[in-house]
Ligand code: IPE
Ligand code: IPE
Ligand code: MG
Ligand code: MG
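In the numbering used here, the protein residues as written are 202 to 523.
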């Protein structure tokens, strides 16, 4: 298991400053809800990828990319607040989720506020950059909707699952990477490489998130164990397990996925089944293979310190404990 400082803390501080300026709007409830989430941690992986991508193509002044990096984190924050309402998740980053603490109405509207603030920052950029981020936001919305339509769908295929996670999770990461490159300038082929890197990193990242849902330590992930199973959300682990169990275990898994109030012992038993049929190893290997694809994409760029940093980020995405 590896951990890295994802990005220069000085530059991330600049990003956090812009985020805080955006949040501090004078409306108490919006400020409280926003700070509750923003100040509770978060890996800042999207802005980190964006700034590193910018520098990897020799962007001239990282300050040019900082507001966009703040914008993508504001979008991420709004998405998480809405995702937790949608997923009925009570805990994130080791704290009560925004809607649990402040009520659904305040959380929902603060999520909207954060999106608009993000787009205010985005409006200062060229059309190409604006389009990349806008398309990613649309993909997230579509991915989350398709996922909702497939809650408790025990017949969801691995292919359809991969399409959902590409939209809901990988698209903003690949957009961060590409937009970082586009801001730096240079060849379109290099922007394509960065996009491909971000896409594969993002898919590996979400698969790892699904793994951590069943093997993670709450202290590190800040999220309760087995949340996806409790919600009936299909993941690569449940799909693999359903395809690889005999009758009685299949029936048990199916009942846990379909039932929305499972006792913890049933969740733990379902996790045990997944472990025994190799679903966790399968998902970890798949995640690692996407990390490898992300790194392979970068091989086509001239090697530099920043490319090494991006390589490390790909490793981190698929081998982490939080
Ligand atoms: C959580 O994203 C949602 C997923 C896409 C899995 P992160 O794991 O990046 O969340 P924070 O920002 O670090 O808490
Ligand atoms: C998150 O997927 C994807 C988003 C678009 C936020 P999850 O629902 O798995 O993320 P967590 O586990 O709640 O962070
Ligand atoms: Mg969720
Ligand atoms: Mg999750």
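From the three backbone atoms N, C-alpha and C, an ideal C-beta is built for every residue, glycine too.
When DSSP states are grouped into helix, strand and coil, residue 251 belongs to the helix group.
By DSSP's assignment, residue 503 forms no beta bridge with any residue. Under the DSSP assignment, residue 454 falls in the alpha helix (DSSP H) whose first and last residues are 448 to 459.
Between the alpha carbons of residue 285 and residue 412 lies a gap of roughly 18 Å. Unbroken beta strand (DSSP E) runs of no fewer than 3 residues, entirely contained in the region 336 to 402, are not found. The C-alpha of residue 472 lies about 44 Å from the C-alpha of residue 321.
Shown here for residue 485: same chain residues with a beta carbon closer than 7 Å to its own, the five before and five after excluded, namely 412 in chain order. A straight line joining the alpha-carbon of residue 214 with that of residue 268 spans about 12 Å. Under the three-state reduction of DSSP, residue 297 is assigned to strand. Nearest C-alpha to residue 293 among 470, 238, 217, 391: 238.
Beta-bridge annotation (DSSP): residue 292 is paired with 297. Per DSSP, the continuous alpha helix (DSSP H) segment holding residue 212 begins and ends at 210 to 224. For residue 290, the shortest separation between its Cβ and any heavy atom of ligand 3 lies below 7 Å. Take residue 232, set aside five residues on each side of it, and the residues of its chain with a beta-carbon closer than 8 Å to its own are 224, 225, 226, in chain order. Listed in chain order, the non-local C-beta contacts of residue 478 below 8 Å within the same chain comprise 441, 442, 445, 446, 450, local neighbours out to five positions each way being set aside. Counting along the chain, residue 231 sits inside the alpha helix (DSSP H) bounded by residues 229 to 239. Annotated three-state conformation of residue 245 is coil, per DSSP. Under the DSSP assignment, residue 441 falls in the alpha helix (DSSP H) whose first and last residues are 437 to 444.
For residue 473, the Cβ stays outside the 7 Å cut-off from all heavy atoms of ligand 3. In this structure, residue 250 sits away from residue 340, with a CB-CB distance that is not shorter than 8 Å.
Between residue 434 and the set 230, 384, 365, the nearest pair of CA atoms involves 365. Taking all protein chains in view, the Cβ of residue 368 is crowded by 16 or more other Cβ atoms within 10 Å, so the residue is classified as buried. Put simply, the backbone Cα of residue 295 is about 11 Å away from that of residue 243. Cβ contact annotation for residue 387 (same chain, cutoff 8 Å, sequence separation greater than five): 258, 259, in chain order.
Assigned with DSSP and collapsed to three states, residue 268 falls in helix. The beta carbons of residue 277 and residue 425 sit no closer together than 8 Å. Annotation for residue 489: 519 place their beta carbon closer than 6 Å to its own, counting only its chain and skipping 5 residues before and after. Only exposed fits residue 305, as fewer than 16 other CB atoms lie within 10 angstroms of its CB.
DSSP, read as helix, strand or coil, puts residue 423 in coil. Excluding its 5 nearest sequence neighbours in each direction, residue 491 has C-beta neighbours in its own chain below 6 Å: 401, 404, 405, listed in chain order. Annotated three-state conformation of residue 519 is helix, per DSSP.
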